[in-house]
Amino acid sequence: MTTRTPDTADAAAVRDPLVIAGREFTSRLITGTGGAPSMRVLEEALVASGTELTTVALRRVSPGAHGSVWDVLRRNGIRALPNTAGCFTAADAVRTARLAREALETDWIKLEVVADERTLLPDPVELLDAAERLVDEGFTVLPYTSDDPVLAARLERIGCAAVMPLGAPIGSGLGIRNPHNIELIVEQAGVPVIIDAGIGTASEAALAMELGCDAVMLATAVTRAQDPVLMAAAMRDAVAAGRAARRAGRIPVRRYAHASSPAAD
Amino acid sequence: MDVIINGERRDVAPRSTVADVVRSLTDAPGGVAAAVNDEVVPRAAWAATPIAENDRVDVLTAVQGG
């Protein structure tokens with residue numbers, strides 16, 4: 024009898040890196056840090072998620088603040104991806120990106136330019152403007168965008184390193200509202216497509232990967248889960264499983280049964 | 010002299026630099042950026058960058074988000 028190492032989704036990931044702007048990642052799960060009940064729970068959740076790239080926001084220093092998210096990331100060897108959360112104009116976003124580059128010593132920026140507080144939907148006009156300026160300034164730009172294939176193509180054409188279409192509004196947990204558009208974006212993209220926002224639970228993260236996304240970005244689904252650490256592990260497994268299923272190639276959908284046992288003699 | 014630090018008017022010693030202002034807010038060794046009147050001041054230039062009356066100084070750091 025021969026023994027064979029099970030070709031698990033985790034093992035398969037080793038030979039299937041995510042590549043963004045020439046940099047390789049083993050994990051295809053990018054996490055955010057907002058909303059965690061404590062820094063300790065956040066750290067445990069980040070470790071359980073297996074993430075290698077995690078977003079942070081930039082805010083004015085409040086004197087006497089203890090324990091920083093920056094320390095947590097460095098301690099665990101997780102690369103920090105600063106974002107421009109809270110910016111409503113291209114000018115705001117460009118200014119924040121420059122500060123982030125200085126603070127975190129990285130020219131990677133997750134570009135968010137949102138239209139209003141109620142929906143937090145991307146403002147496509149300001150977004151494209153900011154993306155163009157930041158690419159010109161040498162940033163590696165990962166823009167949070169709507170699920171519009173036309174806008175995604177425009178962002179790629181001006182030199183963004185990835186596109187990050189939303190599944191649904193930030194923090195909504197509504198899942199992927201327009202899987203057809205996500206497939207269109209995936210089909211045409213020459214840069215990684217990272218689903219960003221809307222993921223509520225593990226099956227939705229797996230679906231994103233099955234649709235052909237290169238990675239999943241999420242925060243709230245983990246940080247506000249009843250057990251963030253357990254959900255982080257669930258998301259790690261879901262992303263790996265969804266990726267493996269995509270690579271394996273699913274069976275076609277049929278209207279009627281197709282017997283899986285041989286017909287009786 | 011009066012300057013605006015992170016949105017609040019404060020009195021600082023004459024001839025203060027960006028480095029002085031940063032030090033008054035945080036002792037974090039990294040993860041901090043400073044801007045004077047919306048222009049980013051690179052860390053290496055903090056000690057040599059004086060601030061003037063009514064300058065707006067912003068000192069930012071990475072926080073949980075996204």
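From first to last, the protein sequence lines are chains A and B.
So for the first sequence, my numbering puts the first residue at 24; every next one is plus one.
So for the second sequence, my numbering puts the first residue at 10; every next one is plus one.
Backbone N, C-alpha and C define an ideal beta-carbon position, used for all residues, glycine too.
Leaving out five residues on either side along the sequence, give the residues of the same chain with a beta carbon under 8 Å from the beta carbon of A/Pro-40.
Counting from 1 along the first sequence, the entry for residue 40 of chain A is found at position 17. Cβ neighbours of A/Pro-40 beyond the five flanking positions: Glu-47, Phe-48, Thr-49.
How long is the line joining the alpha carbons of A/Ala-225 and A/Met-258, rounded to whole angstroms?
For this step, residue 225 of chain A is matched to residue 202 along the first sequence. For this step, residue 258 of chain A is matched to residue 235 along the first sequence. Taking the straight line joining both Cα atoms gives about 5 Å.
Would you identify the three-state DSSP class for A/Ile-218, choosing helix, strand or coil?
Reading the first sequence from its first residue, position 195 is the one you call residue 218 of chain A. Correct three-state label for A/Ile-218: strand.
Taking the runs of the alpha helix (DSSP H) that are 4 residues or longer, which of them lie wholly in the region 52-131 of chain A?
62-72, 92-98, 113-127
Of the residues A/Ile-222, A/Leu-174, A/Val-173, which one's Cα is nearest the Cα of A/Leu-197?
Residue 197 of chain A sits at position 174 when you count from the first residue of the first sequence. Of the listed residues, the one whose Cα sits closest to A/Leu-197 is A/Ile-222.
Quick one: does A/Arg-51 have its CB under 8 Å from some CB of chain B?
Start at 1 with the first residue of the first sequence, and residue 51 of chain A comes out as number 28. For A/Arg-51, the answer is no, since every Cβ of chain B falls outside 8 Å of its Cβ.
Separation of A/Asn-204 from A/Arg-273, as counted between CA atoms
Taking the first sequence and counting its residues from 1, the one referred to as residue 273 of chain A is at position 250. Taking the first sequence and counting its residues from 1, the one referred to as residue 204 of chain A is at position 181. Cα to Cα, the separation comes out at about 20 Å.
Between the CA atoms of A/Thr-56 and A/Asn-99 - distance to the nearest angstrom:
Along the first sequence, read from residue 1 onward, the residue named residue 99 of chain A stands at position 76. Along the first sequence, read from residue 1 onward, the residue named residue 56 of chain A stands at position 33. Going by the C-alpha atoms only, they are around 14 Å apart.
Which partner residues does B/Thr-70 have in the DSSP bridge list?
What you label residue 70 of chain B is simply residue 61 of the second sequence in a count that begins at 1. Beta-bridge pairing links B/Thr-70 to A/Arg-82, B/Val-41.
C-beta contact flag for A/Thr-78 and A/Ile-101 at 8 Å:
In the first sequence, residue 78 of chain A corresponds to position 55, counting from 1. In the first sequence, residue 101 of chain A corresponds to position 78, counting from 1. No.
Is any beta-carbon of chain B found at less than 8 Å from that of A/Ala-108?
Looking up residue 108 of chain A in the first sequence gives position 85. Closer than 8 Å to some Cβ of chain B, the Cβ of A/Ala-108 qualifies, so yes.
Taking just the CA atoms, how far does A/Phe-111 sit from A/Leu-247?
Within the first sequence, residue 247 of chain A is the residue found at index 224, counting from 1. Within the first sequence, residue 111 of chain A is the residue found at index 88, counting from 1. This sequence places Arg at residue 247 of chain A; Leu is not what is there. The alpha-carbon atoms of A/Arg-247 and A/Phe-111 are separated by roughly 25 Å.
Which partner residues does A/Glu-140 have in the DSSP bridge list?
Here residue 140 of chain A refers to the residue found at position 117 when the first sequence is read from its first residue. Looking at the DSSP assignment, A/Glu-140 forms no beta bridge with any residue, so it has no partner.
May I have the straight-line CA-CA distance separating A/Ala-287 from A/Ser-195, to the nearest angstrom?
By 1-based counting over the first sequence, the position of residue 287 of chain A is 264. By 1-based counting over the first sequence, the position of residue 195 of chain A is 172. One C-alpha to the other measures close to 51 Å.
Does the pairing of the region 267-284 of chain A with the region 11-30 of chain B give three or more beta-carbon distances under 8 Å?
no
Could you list which residues in chain A have their beta carbon closer than 7 Å to that of B/Asp-47, in chain order?
For the purposes of this step, residue 47 of chain B is taken as the residue at position 38 of the second sequence. Under the 7 Å cutoff, chain A gives Arg-118.
Determine the closest residue to A/Val-42 out of A/Val-214, A/Arg-269, A/Ile-218, with distance taken between C-alpha atoms.
Here residue 42 of chain A is taken as the residue at index 19 of the first sequence, counted from 1. Residue A/Val-214 is the option with its Cα nearest to A/Val-42.
Rounded to the nearest angstrom, what separates A/Ile-218 and B/Ala-43 at their Cα positions?
Reading the first sequence from its first residue, position 195 is the one you call residue 218 of chain A. Reading the second sequence from its first residue, position 34 is the one you call residue 43 of chain B. Straight-line Cα distance between these residues: approximately 32 Å.
With 16 other CB atoms within 10 Å as the buried threshold, where does B/Asp-20 fall?
Numbered from 1 along the second sequence, position 11 holds the residue referred to as residue 20 of chain B. By the neighbour-count rule (16 or more Cβ atoms within 10 Å), B/Asp-20 is not buried but exposed.
For A/Thr-243, does the three-state DSSP call read helix, strand or coil?
Position 220 of the first sequence, counted from the first residue, corresponds to residue 243 of chain A. A/Thr-243: helix per DSSP, three-state reduction.
Given this structure, state the Cα-to-Cα distance separating B/Ala-71 from A/Arg-277, to the nearest angstrom.
Position 62 of the second sequence holds residue 71 of chain B. Position 254 of the first sequence holds residue 277 of chain A. B/Ala-71 and A/Arg-277: Cα-Cα distance of roughly 51 Å.
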